[in-house]
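Trainee: Before I ask anything, let me first share the structure, which is written out below as structure tokens.
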Amino acid sequence: MLYPEYPCLVSRFSKMKNRRRLYSQVCLLLGGITLISIGISIFVFFESIYDYILTDGLKFSPTSKPYKVWRTNDPPLIMDIYLFNWTNADQVGNLSIKPQFQEVGPYRFKEIKEKVNITWHDNNHTISYRHRKLYYFDEESSVRNLSDVISTINVVPLTVSYKARHFGYWTKRMISMGLSAISSLYVTKTAGDILFDGYEEPILSTLSYIPMVNVQDRFGIFYGKNDSIGIDGVFSMSYRNDESFGRLLTWNHRNKSDFYEGHCNAVKGSSGEFYPMNRKRDKLELYSPELCKYAELEYVQDVDIKGVHGYKFTADNIFDNGW
1 MLYPEYPCLV SRFSKMKNRR RLYSQVCLLL GGITLISIGI SIFVFFESIY
51 DYILTDGLKF SPTSKPYKVW RTNDPPLIMD IYLFNWTNAD QVGNLSIKPQ
101 FQEVGPYRFK EIKEKVNITW HDNNHTISYR HRKLYYFDEE SSVRNLSDVI
151 STINVVPLTV SYKARHFGYW TKRMISMGLS AISSLYVTKT AGDILFDGYE
201 EPILSTLSYI PMVNVQDRFG IFYGKNDSIG IDGVFSMSYR NDESFGRLLT
251 WNHRNKSDFY EGHCNAVKGS SGEFYPMNRK RDKLELYSPE LCKYAELEYV
301 QDVDIKGVHG YKFTADNIFD NGW
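With the first letter of the sequence shown counted as 1, position 237 gets the number 237 in the working numbering; the numbers rise by one all the way through.
Written as structure tokens, this is what we have:
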């Protein structure tokens, strides 16, 4: 039996199929144009988009991730300390014998540096703070133990002698006689005493009884610094989202110190946590409160560390005295 409407149905389905094909082609064309437009826009405005994302990600506020990382360093910093054992210290009076020193270490410590007494200054986009430092001895990773007995130079009488170097002859003579009577040129103590625990020093014990003289009764390289707050002063840092971000502006409320001459007194550079954006291949400035000055690190080369591109800076000339 023949169906007279069958050819009409076939023609109708064919038209619908062609129409769908046309719609698909138009959609693909519009989609392609859209993707190409987006790609061209990203290519043209990539730097602006990148800067916006970077600036937004580095926004510094009490609730931001960079602030939490900045406030407490996690994981802790690793600090390896080496001491020099004076092996023939008992022969110091013999001028014909050259002092012999043996490197001992490392003694590994973990340092946690926490920002405290934080104050936000929204009027000029700065933040002031102090440091709270904690040190933990890492016995498992250390080569030596803090119970090691070390003979080393007695820093206290040498410091007094250096301070008195410009005094008059008789004054220096009296100081020399006094130092010889109550102290010696070397001490033999445990590594723990020399580093953090401290040891009694007759000179300091004597000075501690003098009114108006504020000195500790014990001496150690890091004595009194463990779990200390603000011992290295108060800092002011810029958190403005521009090239000044992360820069130290003042130390102890001043933009310079009185320990050196000329530009060496300037307080500038980063404290080491953040660096200004758009870092260039030139010099990197870091400020050290321990040295009371800033140091310039020289650019060496571009590096890739686990797929992250960066710039390598070194401090090869940081202690160059010009000789």
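All C-beta atoms in this analysis are idealised placements derived from N, C-alpha and C, irrespective of residue type, glycine included. All figures in this text were calculated on a predicted structure; none of them were measured in a lab.
Quick check on DSSP: helix, strand or coil for Thr188?
Mentor: DSSP places Thr188 in strand when its eight states are reduced to three.
Trainee: Are Tyr294 and Lys268 touching if we call contact CB-CB under 8 Å?
Mentor: Taking 8 Å as the Cβ cut-off, Tyr294 and Lys268 qualify as a contacting pair.
Trainee: For Phe235, which residues from the same chain have a beta carbon less than 7 Å from its beta carbon, with the 5 sequence-adjacent residues on both sides left out?
Mentor: Correct list, in chain order: Ser128, Tyr129, Leu248, Trp251 and Ser271.
Trainee: Considering only the beta carbon of each residue, do Leu77 and Tyr107 sit closer than 8 Å?
Mentor: The answer is no: Cβ separation not under 8 Å.
Trainee: At which residues does the alpha helix (DSSP H) containing Thr314 begin and terminate?
Mentor: No alpha helix (DSSP H) holds Thr314; the beta strand (DSSP E) holding it covers Val308 to Thr314.
Trainee: For Gly178, which three-state DSSP category applies?
Mentor: Looking at Gly178 - three-state DSSP - the assignment turns out to be helix.
Trainee: In the DSSP assignment, find the unbroken alpha helix (DSSP H) run with Thr72 in it and report its ends.
Mentor: Premise fails: Thr72 is in no alpha helix (DSSP H) and is neither H nor E.
Trainee: Which residues bound the alpha helix (DSSP H) around Pro157?
Mentor: Taken as a continuous stretch (DSSP letters only), the alpha helix (DSSP H) holding Pro157 covers Val155 to Lys163.
Trainee: According to the neighbour-count rule (16 or more other Cβ atoms, all chains shown, within 10 Å of its Cβ), is His309 buried or exposed?
Mentor: Exposed.
Trainee: When you compare each of Thr188, Ser161 and Glu298 to Ser180 by their alpha carbons, which one comes out closest?
Mentor: Minimum Cα distance to Ser180 is reached at Ser161.
Trainee: Identify whether Gln91 lies in helix, strand or coil by the three-state DSSP scheme.
Mentor: Helix, per DSSP.
Trainee: Hey, how far is the Cα of Ala89 from the Cα of Ile182?
Mentor: Those two C-alpha atoms are separated by around 18 Å.
Trainee: For the segment 99 to 115 against the segment 166 to 180, do three or more pairs of beta-carbon atoms, one drawn from each stretch, fall closer than 8 Å, so that the two count as touching?
Mentor: Contact between the segment 99 to 115 and the segment 166 to 180 is absent, because fewer than three Cβ pairs lie under 8 Å.
Trainee: Starting from the C-beta of Ser205, find all residues in its chain whose C-beta is less than 7 Å away, skip the five residues before and the five after it, and write them out in chain order.
Mentor: Excluding residues within five positions, the ones whose Cβ falls inside 7 Å are Asp217.
Trainee: On a CA-only basis, which of His131, Val187, Asp148 and Asn241 is nearest Leu158? Give me that one, please.
Mentor: Taking only the C-alpha atoms, the option nearest Leu158 is Val187.
Trainee: For Asn85, does the three-state DSSP call read helix, strand or coil?
Mentor: Reduced to three states, the DSSP call for Asn85 is strand.
Trainee: From Glu296 to His263, what does the alpha carbon distance come to, in whole angstroms?
Mentor: Glu296 and His263: Cα-Cα distance of roughly 12 Å.
Trainee: Using a beta-carbon distance below 8 Å, is Lys293 in contact with chain B?
Mentor: As a matter of chain content, chain B is missing from the structure shown, which is built from one protein chain.
Trainee: Please classify Tyr223: does DSSP put it in a helix, a strand, or coil?
Mentor: Of the three classes helix, strand and coil, the one that applies to Tyr223 here is coil, per DSSP.
Trainee: Under the three-state reduction of DSSP, which class applies to Gly168: helix, strand or coil?
Mentor: Gly168: coil per DSSP, three-state reduction.
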